[in-house]
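**Student:** In the numbering used here, the protein residues as written are 72 to 206. Just so you know, even glycine gets a beta-carbon here, dropped at the ideal spot from N, CA and C. Owing to the predicted nature of the structure, the values given are computational and were not obtained by experimental measurement. Supplied in structure tokens, the structure appears directly below.
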């Protein structure tokens, strides 16, 4: 899922808000469950009677916690049945602001008129315009 999110963001797509909320729930669950299980693991490693007897209560609590965590993961996976994680946004319009120093020269008028005549000519199929812009 994270690979899909990365690919969508690279393509400039917007992530669905429901999917973002689901991802945050998953992240929160991972962090909280990991800290709880880590604490129980440390407790289960402690032994009694000079290291001869395992801590049975801590092992039992660890097993129960992992079972509960597995059911929580199942619920989140069922909620996360997303077909798509993103959508294409409507592109923002490009605003072209003419430069302040624009001057209308006769040579530009002449070239513009030639292009307009070529556009109106029914015998021409292709019109090529080349050169630097604004020249």
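Excluding five sequence neighbours on each side, which residues of the same chain lie with their C-beta closer than 7 Å to the C-beta of residue 86?
**Tutor:** Sequence index remark: in the chain shown, residue 86 carries index 15 (1-based). Excluding positions up to five away in sequence, the list reads 76, 79, 156 and 157.
**Student:** Work out the CA separation of residue 82 and residue 100 for me, nearest whole Å.
**Tutor:** Locating residue 100 in the chain shown gives position 29, counting from the first residue. Locating residue 82 in the chain shown gives position 11, counting from the first residue. Cα to Cα, residue 100 sits roughly 29 Å from residue 82.
**Student:** Does the separation of the CB atoms of residue 189 and residue 195 fall below 7 Å?
**Tutor:** Your numbering for residue 189 matches position 118 in the chain shown. Your numbering for residue 195 matches position 124 in the chain shown. For residue 189 and residue 195, yes; Cβs fall inside 7 Å.
**Student:** In the DSSP assignment, the alpha helix (DSSP H) including residue 83 goes from what residue to what residue?
**Tutor:** If you number the chain shown from 1, residue 83 lands on position 12. Element bounds for residue 83: n/a, residue is neither H nor E.
**Student:** Whole alpha helix (DSSP H) runs in the segment 111-178 with 4 or more residues, listed along the chain?
**Tutor:** The qualifying runs are 127-150.
**Student:** Can you give me the Cβ contacts of residue 183 inside the same chain, cut-off strictly under 8 Å, excluding the 5 residues immediately before and after it?
**Tutor:** One-based indexing of the chain shown puts residue 183 at position 112. None.
**Student:** Taking the alpha-carbon of residue 88 as reference, which of 161, 153, 139 and 166 has the nearest alpha-carbon?
**Tutor:** Locating residue 88 in the chain shown gives position 17, counting from the first residue. The shortest C-alpha separation from residue 88 is found at 153.
**Student:** Would residue 105 and residue 136 be called neighbours here (beta carbons separated by less than 7 Å)?
**Tutor:** If you number the chain shown from 1, residue 105 lands on position 34. If you number the chain shown from 1, residue 136 lands on position 65. Result no, Cβ atoms of residue 105 and residue 136 do not sit closer than 7 Å.
**Student:** Do residue 147 and residue 97 count as a contact pair if the criterion is CB distance below 7 Å?
**Tutor:** Mapped onto the chain shown, residue 97 falls at position 26. Mapped onto the chain shown, residue 147 falls at position 76. Going by C-beta atoms, residue 97 is nearer than 7 Å to residue 147.
**Student:** Cα-Cα, which of 73, 84, 108 and 117 is closest to residue 94?
**Tutor:** For the purposes of this step, residue 94 is taken as residue 23 along the chain shown, with counting starting at 1. Answer by Cα proximity: 73.
**Student:** Out of 150, 200, 171 and 144, which one is the CA nearest neighbour of residue 90?
**Tutor:** As a first step, residue 90 is located in the chain shown; it is residue number 19 there, counting from the start. Taking only the C-alpha atoms, the option nearest residue 90 is 150.
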